[in-house]
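**Q**
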Amino acid sequence: MKLTPFLFLLAVGLTAAEHGWKSGSQYKYQVRGRTMAGLHQVADQYVGIAIKAKLQVQPKSDNELSLQIHDAQYADVHANLTGGWNGQIPEDKLHYQQLPISSKPFELKLKNGAVDKMVVDKNLPTWELNILKAIASQLQVDTQAENLKSSRINSLPSKGQA
C-alpha cells in the first residue's frame, strides 16, 4: 500500500523529465500561419498572406530533432474580416500557390525543451530562414519553466510559498 504513492510520484517525475519528443517516432503536422495588416478602426478590411505546409519531425534523440517542410503554399489575402485579423477566411477564397521553399531537412538542438541551436543550409535565404524560425518556435515544450526569463509580466512563488 505504501509503495503505490512512491510509484505514482516516480511516474510523475519521469513524465515531467520528458519534453514531449519520443526518439524513433515520426510526427507529421499541418502547419498554418498568416501575417495580416489593416486599419481596424476604419474598416474590417485586411491585407496579408496566408501560408500552409506539411511538416515532418523525426527526433534523433531526446534533444535533437530533424525537420522537413513539404508542399509549402501561400495565398495573398485581401478580405473583410468582421472578426478582426484572426477572423475566419473561407478556404475557397484563398488561391494558394506553391511557395518556393527548400525541402532540405534542418535540425533543432534542444536544451530543457527549448530550442538552443538551429542547423540549416548556409545558403538559405533570410526570408526562408525566418519561416523556419517561426515554425521552430512553436515546437518548444518547456513544461517546467526551466527556460523562464524574468519579466515584469510573469511571477513565480517565492520559496516556501505554494
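Count the sequence shown with mature numbering (1 follows the signal peptide of the UniProt record, and there is no 0) and you get residues -17 to -1, 1 to 145, in order.
Even for Gly, the Cβ is constructed at its ideal location relative to N, Cα and C.
Does the beta-carbon of residue 177 have 16 or more other beta-carbons within 10 angstroms, so that it is buried, or is it exposed?
**A** The displayed coordinates of the chain run from -17 to 145. Any statement about residue 177 would go beyond what the structure contains.
**Q** Of the residues Gln123, Ala33, Ser134, Leu107, which one's Cα is nearest the Cα of Ala58?
**A** Out of Gln123, Ala33, Ser134, Leu107, Ala33 has the C-alpha closest to the C-alpha of Ala58.
**Q** Give the range of the alpha helix (DSSP H) segment to which Asn113 is assigned.
**A** Element bounds for Asn113: 109 to 120.
**Q** Out of Ala36, Leu82, Pro88, point me to the one whose CA is closest to Lys43's CA.
**A** Per the Cα distances, Pro88.
**Q** Within 10 angstroms of the Cβ of Gly(-5), are there 16 or more other Cβ atoms? Answer buried if so, exposed if not.
**A** Caution is warranted here: a pLDDT of 43 is assigned to Gly(-5), below 50, making its placement in the model unreliable, and the coordinate value is therefore given only provisionally. Label assigned to Gly(-5): exposed.
**Q** Whose C-beta lies closer than 7 angstroms to the C-beta of Phe(-12) among residues of the same chain, with five residues either side of it excluded?
**A** Residue placement at Phe(-12) is poorly supported in this model, since its pLDDT is 44, which falls under 50; the coordinates are not used for a value here.
**Q** With DSSP run on the structure shown, which of helix, strand or coil describes Lys76?
**A** Note: Lys76 maps to helix in three-state DSSP.
**Q** With DSSP as the reference, please indicate the residues paired to Leu23 in a beta bridge.
**A** In the sequence as displayed, the identity of residue 23 is His instead of Leu. Partner(s): none; His23 has no beta bridge.
**Q** Can you tell which of Lys11, Ser134, Ser133 has the C-alpha that lies nearest to the C-alpha of Leu48?
**A** Measuring from the Cα of Leu48, the nearest candidate turns out to be Lys11.
**Q** CB Glu111 to CB Val102, shorter than 7 angstroms?
**A** No, they are not a contact pair.
**Q** Using the DSSP secondary-structure output, state which residues sit across from Ile52 in a beta bridge.
**A** According to DSSP, Ile52 bridges with Leu38.
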